[in-house]
Amino acid sequence: MQQLIESPLSPITQQLMDIYNTLYQHFGPQHWWPGETPFEITVGAILTQNTAWRNVEKAILNLKRAGLLAPEALYRLPLPYLATLIRPAGFFNLKAKRLKNFLEFLFKEYEGDLDRMFKEDTNTLREKLLKVRGIGPETADSILLYAGGKPTFVVDAYTRRILSRHNLISEEADYEEIRSFFMDHLPEDAGLFNEYHALLVALGKTYCRPKPLCEKCVLKDLF
DNA sequence: TGCCAGGCCGGGT
DNA sequence: ACCCGGCATGGC
2 MQQLIESPLS PITQQLMDIY NTLYQHFGPQ HWWPGETPFE ITVGAILTQN
52 TAWRNVEKAI LNLKRAGLLA PEALYRLPLP YLATLIRPAG FFNLKAKRLK
102 NFLEFLFKEY EGDLDRMFKE DTNTLREKLL KVRGIGPETA DSILLYAGGK
152 PTFVVDAYTR RILSRHNLIS EEADYEEIRS FFMDHLPEDA GLFNEYHALL
202 VALGKTYCRP KPLCEKCVLK DLF
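Structure representation (structure tokens):
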């Protein structure tokens, strides 16, 4: 029988929202993803793998200045030249290949059109992106959420560190487990997921580096 | 000066 | 199913 009264929020949901509200009050809106178009965001998502964002910005600027930050242009561009342009992002040979792998996928499956790609069912698209060499779960979710506006939660090193240090997940929880932890306990809202992940990164950069500064962390009063 | 950054892959147990 | 080395530049 259907419930006639609203069920109270679960303790975990409440806790996750407390964390969110505290972070939002402290850091304010993060305006993610820092990129102007879905394609720029997608390229950035691949380039930023284990790399400081400021280095990615240089690489993206190189592509922009060369007029090459578009699917067709990058698809045609010879691999060695692409590698040179994205050099500041580090792992440039590897990432040039990964960008090419994605473009190959985009053109074979969606005629090089990101809008077409995002018309695909979200879970189906996520599985397909994960099959592209060089796109793992974080990159796939970043593309889906920040370039496509799809409600999927992005998990990164900061997310894992922050949650495990506060004993919300076990140390050895894997990616899918952590992602589900958020998605099972929060409303399916791309705007919320967008801001939440960005805020966790803001917190992580400030207080949750490998050397923790927990005594200064804005979350300390919640635990 | 070394450590770290918004991961992921491939080969070895 | 894990574990680990490799990939590379630039800032603090």
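Just so we're aligned, residue 2 is where the first sequence starts under our numbering, counting upward by one. Each residue gets a CB set at the ideal place from its N, CA and C atoms; glycine is no exception. Here the structure is a predicted model, which is why all the values come from computation and not from measurement.
Query	Result
If you follow the alpha helix (DSSP H) that residue 54 is in, where does it begin and where does it stop?	54–66
What three-state label does DSSP hand residue 188 in the structure shown?	coil
Which residue's Cα is closest to the Cα of residue 14: 99, 184, 198 and 217?	184
Residue 166 lies in the alpha helix (DSSP H); which residues open and close that run?	158–166
When burial is assigned at 16 or more other CB atoms within 10 Å of the CB, is residue 43 buried or exposed?	buried
Mind the definition here: the region 21–29 touches the region 196–204 only if three or more C-beta pairs lie below 8 Å; say whether that holds.	yes
Just to confirm before moving on: does the CB-CB distance between residue 205 and residue 159 stay below 8 Å?	yes
Determine the direct distance from the alpha carbon of residue 222 to that of residue 135, and round the result to whole angstroms.	39 Å
On the DSSP letters alone, give me the boundaries of the alpha helix (DSSP H) that residue 1 sits inside.	Here the chain has residues from 2 to 224 only, and residue 1 is not among them.
Name the DSSP beta bridge partners of residue 209, please?	213
I'd like to check one pair, residue 142 with residue 155: are the Cβ atoms closer than 8 Å?	yes
In three-state DSSP terms, what is residue 43?	helix
Does the distance from the CB of residue 220 to the CB of residue 167 come in under 8 Å?	yes
Between the C-alpha atoms of residue 203 and residue 172, what's the straight-line distance to the nearest angstrom?	21 Å
Starting from the Cα of residue 32, find the closest Cα among 100, 60 and 192 and give me that residue.	192
Which residue comes first and which comes last in the alpha helix (DSSP H) that contains residue 147?	No alpha helix (DSSP H) contains residue 147, which DSSP labels as neither H nor E.
Using the C-alpha atoms, what's the distance from residue 138 back to residue 131?	7 Å
Assign residue 66 to buried or exposed, taking buried as 16 or more other Cβ atoms, counted over all protein chains shown, within 10 Å of its Cβ.	exposed
I want to check one thing, is the minimum distance from the CB of residue 162 to the heavy atoms of the ligand PLP below 7 Å?	The ligand PLP is not part of the structure shown, which contains no ligands of any sort.
Could you compute how far the alpha carbon of residue 140 sits from the alpha carbon of residue 99?	11 Å
First and last residue of the alpha helix (DSSP H) that includes residue 103?	93–111
Which of the three DSSP states is assigned to residue 195 in this structure?	helix
Is residue 124 helix, strand or coil when you go by DSSP?	helix
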